[in-house]
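Here's the structure, in structure tokens; my notes come after.
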Amino acid sequence: MSGFKVALVGVGQRGLQHLEALCDLQEEELIRIEALVDPFSENLSTEKISKYVPKYNDSDIKLFTDYDKFLDECEVDGIWFVIPPNQHTNQIERAAQKGIAIFAEKPQSLFLDEIFPMSDAIEKYAVPSICGFQMEYDSWYTKIRDYLNDKWVASMAMINCGAVETHGVKHTIIGKDQGPENRIWAADRKWSGTSMVEAGIHQTDLMRYWSNDEISWVQSSYVERASKAIQEEGDNPIAYHVNYGFKKGGTGTLILTKPAGVFYTERYDYILTSKSMIKFEGDLIAYGVEEDKYSIEKGREHFKTKDVYKENETIKVLAKGPQQDAMGQHNTKLISENFIKSIVLNKPELRKNSFKSSINSLSAVLAANVSSSIGGQKIDISEFETSSKFSKFRTKSK
Ligand SMILES: NC(=O)c1ccc[n+]([C@@H]2O[C@H](COP(=O)([O-])OP(=O)(O)OC[C@H]3O[C@@H](n4cnc5c(N)ncnc54)[C@H](O)[C@@H]3O)[C@@H](O)[C@H]2O)c1
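Position in the sequence shown (from 1) plus 23 gives the number in the numbering used here.
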């Protein structure tokens, strides 16, 4: 047993998935689950938790409905923050001040004015941190990043056709006038910040992960849901079209849709480098010839005759299928396991992101909201993060 003591703050839909992974890691003697914290005592009941996490054993786990009391009374090495993004106050800063490692679920908040003090505290007290982008631990996506390491990524596209019905009832109990009484807060803009922030942040972060690049500007256009549908379907837009500009010069497009009554979901992605295109088929395929075997004459000839290059020179299988769901529980466990091992074994390289490095993904989706709201203007991310022109978009309204 490494003796690494963990607390989970927010025992809702995602918190329960983390708890399942943490129970596995406790069984494997990597950690000890010390405390669960949630303002609603029903979310802490063993009966309820066991329905979602059959392995859960409450003996020796301390339960708190009050975060301050938890922080005063409990000594832990790491905290998993898994609360709705509009519910942050300064819980993360206070944990960092105590030297506690931070696992922060995405979106880290809906407001950059809250994010920077959190990040500053994490940096000041030098505590290890990570954001909940579990797809960064996916084996296919890591193969893509490795393949792209010595290439220039020119263009990436992702189309994610979802459905408003995929928003589940959440565990946060929402009072009258505070938000959606049906507790489907992901469909409500005040809580989710839009589906681009709540869900599109995963795809946005993935583009950054694949290309090992940063987003420098954003331009977007959203299609608002018809007002007569809002009562039932929530007030998030029905379609999001977002373009990203990357620091190394490439571009990315993300289309996200959330219609109602369309029981068909689909995903399409491609990645283009100067001499190859990655496609997600049954296997993970890179089409294209190696730079050193290419000339424009040979390329023209091959287009006509198909016999200049052998098939294995133009089609590479980067990984054999099928791909497991990258958002799945196996990667939820992997991200926590690697975070903990990075600290216990003193191997920071096991952390694929940090709170600070993940701010670019958050700024990009928050800026996408703003770009659409101001007629599709191109927004420079560093200006968005610092200029007084955008200050009202960074601040939580009282
Ligand atoms: N990485 C992923 O794949 C993934 C998946 C789902 C959700 N999430 C993220 O996880 C976070 C939580 O979402 P969820 O689906 O679990 O929502 P949820 O409403 O089901 O759960 C949130 C939990 O936090 C508790 N809570 C609310 N305010 C709190 C506070 N101030 N202090 C402590 N606990 C508080 C609630 O009682 C609830 O139990 C969100 O940021 C969401 O975007 C990430």
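Just so you know, even glycine gets a beta-carbon here, dropped at the ideal spot from N, CA and C.
{"Item": "What are the complete alpha helix (DSSP H) segments, minimum 4 residues, inside the segment 56–103?", "Value": "69–75, 90–96"}
{"Item": "Go ahead and pull the three-state DSSP assignment for Gly122.", "Value": "coil"}
{"Item": "Would the C-beta of Phe134 count as close to ligand 1, meaning under 7 Å from any of its heavy atoms?", "Value": "no"}
{"Item": "In terms of alpha-carbon separation, which member of Asp258, Lys419, Thr328 lies closest to Asp210?", "Value": "The question names Asp, but residue 210 is Ala in the sequence shown. The shortest Cα separation from Ala210 among Asp258, Lys419, Thr328 belongs to Asp258."}
{"Item": "Taking Thr288 as the reference, give the member of Gly185, Ala180, Val99, Ser68 with the closest Cα.", "Value": "Gly185"}
{"Item": "Determine the extent of the alpha helix (DSSP H) in which Tyr38 is found, giving its start and end residues.", "Value": "It should be noted that the sequence gives Gly, not Tyr, for residue 38. Unbroken alpha helix (DSSP H) run through Gly38: 36–50."}
{"Item": "Just to check my reading of the structure: Ala58 and Lys85 have Cβ atoms closer than 8 Å, yes? What is that Cβ distance to the nearest angstrom?", "Value": "4 Å"}
{"Item": "Quick one: is the Cβ of Pro108 within less than 7 Å of any heavy atom of ligand 1?", "Value": "yes"}
{"Item": "Quick check on Gln447: does DSSP put it in helix, strand or coil?", "Value": "Lying before the first or after the last residue shown, residue 447 is absent from the chain, which here runs from 24 to 421."}
{"Item": "Identify the continuous beta strand (DSSP E) that holds Gly275 and give its terminal residues.", "Value": "274–280"}
{"Item": "I need the straight-line Cα distance from Ser234 to Ser64, nearest angstrom please.", "Value": "43 Å"}
{"Item": "Any idea if Leu42 is buried or exposed, counting beta-carbon neighbours within 10 angstroms, 16 or more meaning buried?", "Value": "buried"}
{"Item": "Below 8 Å on the Cβ atoms is my contact criterion, and I expect Gly155 with Ala124 to pass it. Report the Cβ-Cβ distance as a whole number of Å.", "Value": "With 8 Å as the limit, Gly155 and Ala124 do not qualify as a contact, their Cβ atoms being about 14 Å apart."}
{"Item": "Examine chain C for any beta-carbon lying closer than 8 Å to the beta-carbon of Pro282, and answer yes or no.", "Value": "Here chain C cannot be found, since the structure has a single protein chain."}
{"Item": "Confirm the yes/no value for this check: CB of Gln36, any heavy atom of ligand 1, distance under 7 Å.", "Value": "yes"}
{"Item": "Considering only heavy atoms of ligand 1, does any lie closer than 7 Å to the CB of Met350?", "Value": "yes"}
{"Item": "Measuring CA to CA, which of Ile238, Val246, Glu256 is closest to Lys271?", "Value": "Ile238"}
{"Item": "If you draw a straight line from the alpha carbon of Ser256 to that of Asn205, how long is it in whole angstroms?", "Value": "For clarity, residue 256 is Glu in the given sequence; the question names Ser instead. When rounded, the distance between both Cα atoms is 11 Å."}
{"Item": "With respect to 7 Å, is the separation between the Cβ of Asp228 and the closest non-hydrogen atom of ligand 3 below this value?", "Value": "Ligand 3 is not part of the structure shown, which contains ligand 1 as its ligands."}
{"Item": "Could you spell out where the alpha helix (DSSP H) holding Gly399 opens and where it closes?", "Value": "Segment: none, Gly399 is in no alpha helix (DSSP H) and carries neither H nor E."}
{"Item": "Going along the chain, which residues of its own chain have a beta-carbon closer than 8 Å to the beta-carbon of Thr418, five neighbours each way excluded?", "Value": "Phe134, Asp136"}
{"Item": "Report the residue from Ile115, Asp169, Glu221, Ala387 whose alpha carbon sits nearest the alpha carbon of Pro151.", "Value": "Ile115"}
{"Item": "Considering only their Cβ atoms, is the gap separating Val32 from Val105 smaller than 8 Å?", "Value": "yes"}
{"Item": "So, helix, strand or coil for Ala390, using DSSP?", "Value": "helix"}
{"Item": "Taking 7 Å as the cut-off, is the CB of Asn199 close to at least one heavy atom of ligand 1?", "Value": "The residue you asked about is not Asn; residue 199 is Lys in the sequence shown. For ligand 1, not one heavy atom lies less than 7 Å from the Cβ of Lys199."}
{"Item": "Under 7 Å Cβ to Cβ from Asp330, same chain only, skipping five residues before and after it: list those, please.", "Value": "none"}
{"Item": "Could you give the distance in angstroms between the alpha-carbon of Phe93 and the alpha-carbon of Leu341?", "Value": "47 Å"}
{"Item": "Taking C-beta to C-beta, are Thr227 and Ala387 nearer than 8 Å?", "Value": "yes"}
{"Item": "Taking 7 Å as the cut-off, is the C-beta of Asp23 nearer than that to any heavy atom in ligand 1?", "Value": "Look at the range of the chain in this structure, 24 to 421, and you will see that residue 23 is not part of it."}
{"Item": "Using a Cβ-Cβ cut-off of 6 Å (strictly less than) and excluding sequence neighbours within five positions of Pro203, which residues of its own chain qualify?", "Value": "Asp211"}
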